[in-house]
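Protein chains in written order, with the numbering used here: chain A, 15 to 275; chain B, 33 to 283.
Set out below in structure tokens:
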């Protein structure tokens, strides 16, 4: 049988998507941890696998797969185990619509805020010359811009305000949708939920004024239901940083509007 | 099953969905709207989140049993599932991954650049009253840029470079095949729909790319694509543009 190797960072955002999909399917995989904060993803040995230098990437035998959302669809179709895409074609469309909104509209806003408070400060104390050299090794020009802004704290007030506006609207959209059905895009647990959890698992901590049991009860119900799944527990146990340990907020039975940690 | 497709001139996402609809022999009522004037925002479904917040910008809307669907690639996947005739995605999971990855690169990197260049060269004439109804703040901001003639030169090198990269990818991909995924697929339709208008606007990208040029003609000659293009009301539908997806905000 062809082996599966996943090159990933923390169970968070794009890395966490194929990690959790593989674990839900019960697919054993070799975990190859790349330290995003050490720029492992821009080192020659990884660039030989994914020349764009983005995380994650998956090897399945000789096959090299990139783009986390497309990898998840591959994982679901290629391997036995519970189906993570609904049968109904319109439900499948809804799953993809939501994943795109999260990947391309909501996710970048969450991550801009996350990079400002977590990624930027985590690396900015390093040697300036080394940092500049690390930035220059990034293959995609737009990723160079992204890293430079995060490291040097160059996000403008206007950019951050826009990201916060989108995060607030995204939270409201999620809540509205989750009031209609148990899972995000259909009546069964799907890749849209895996994608969404990776984006939103720490929501009551990162956005306490916008997401809590009083304001967004359906979203909290949904997050707790995903966190209760054995695959999610096993996946988040692979985390190495304090960032992903924020998930334990979901163990609290009630997170009120006044909650601030 | 009752279906209505609201579409614009056959270019970009409207061309992609129309061609897929015809290729899959799906029956739908076709309702033409002027995406360039913002007419989509006058539709009864305009304020539904999945229309108002579509990442694609001003694209077609397929209404199936009352549910309004947007995003040309995903509508195409849906039509591929429910329609007849040859499949428009490979059968094996790896080929399907390649198709979805390819289309993601087109919609995330090529389409925003093409729409920017297209709107700059052929500005859509928006109806101010319709624009008042836009539900998405960021889509409205992109419209305001277009209508105020504020599509700056600063973005041109990046946009042209993204078109050049897309053509290079196609040229390389076609080295050993006629179609991007082996058989004619959603990847050909989506790539053609965004790039056919770029031949006139970024001609340098197509210089020395014989396989891509021949492929453009092969796609154009596909019966479903020809049928979609025959719906054009303008002399050159490839010059018909409206506000597209956002250019990546921060890398």
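Just so it is clear, CB atoms sit at the ideal spot from N, CA and C, and this is done for glycine as well.
A quick note: this is a predicted structure, and the numbers were derived from the prediction, not measured.
DSSP places residue 45/A in the uninterrupted beta strand (DSSP E) bounded by 44-47. Here residue 18/A carries a strand assignment [DSSP, helix/strand/coil]. Taking the beta carbon of residue 119/A as reference, the chain B residues within 7 Å of it are 87, listed in sequence order. Neighbours of residue 203/B in chain A, taken as residues whose beta carbon is under 8 Å from its own, are absent, since the nearest beta carbon is some 17 Å off. Inter-segment contact for the segment 137-145 of chain B and the segment 189-200 of chain B is present: three or more beta-carbon pairs are separated by less than 8 Å. Spatial neighbours of residue 53/A in its own chain (CB-CB distance under 6 Å, excluding positions within 5 residues in sequence) are listed in chain order as 148. Around the C-beta of residue 98/B, fewer than 16 other C-beta atoms lie within 10 Å, and the residue is accordingly described as exposed. Taking 8 Å as the CB threshold, residue 195/A stays off the interface with chain B.
Against residue 173/A, the close residues of chain B are 281 and 282, in the order they occur along the chain (beta-carbon pairs closer than 8 Å). Interface flag for residue 130/A against chain B is unset, since no Cβ pair is found closer than 8 Å. Comparing C-alpha distances from residue 198/A to each of 183/A, 109/A, 170/A and 125/A shows the shortest one belongs to 109/A. Between residue 42/B and chain A, the shortest Cβ-Cβ separation is not below 8 Å. Taking a cut-off of 8 Å on C-beta distances, the segment 51-63 of chain B does not touch the segment 128-138 of chain B, as fewer than three cross pairs fall below it.
Three or more beta-carbon pairs separated by less than 8 Å link the segment 20-35 of chain A to the segment 53-70 of chain A, which places the two stretches in contact.
The continuous beta strand (DSSP E) containing residue 38/B extends over residues 35-39.
Identification of residues in the segment 121-146 of chain B having a C-beta nearer than 7 Å to some C-beta of chain A yields 125, 126, 128, 129, 132, 133, 136 and 140, given in sequence order. Taking C-alpha positions only, residue 244/B is separated from residue 181/A by approximately 40 Å. If you look at residue 101/B, you'll find it in the beta strand (DSSP E) that goes 99-101.
Distance from the Cα of residue 196/A is smallest, within the candidate group 79/A, 169/A and 231/A, for 231/A.
For the beta strand (DSSP E) assignment, the segment 130-172 of chain A encloses no uninterrupted run of at least 3 residues. Residue pairing for residue 261/A: DSSP places it in no beta bridge.
By the Cβ neighbour-count rule, residue 40/A is exposed, with fewer than 16 other Cβ atoms within 10 Å of its own.
The beta-carbon distance between residue 174/A and residue 126/A, rounded to whole angstroms, is 7 Å. This is short enough to meet the 8 Å contact definition.
Nearest CB-CB separation between residue 77/B and chain A: not below the 8 Å threshold. The straight-line gap separating the alpha-carbon atoms of residue 177/B and residue 184/B is approximately 9 Å.
DSSP places residue 56/A in the helix class (H, G or I) of the three-state scheme. The beta-bridge partner set that DSSP reports for residue 80/A consists of 71/A.
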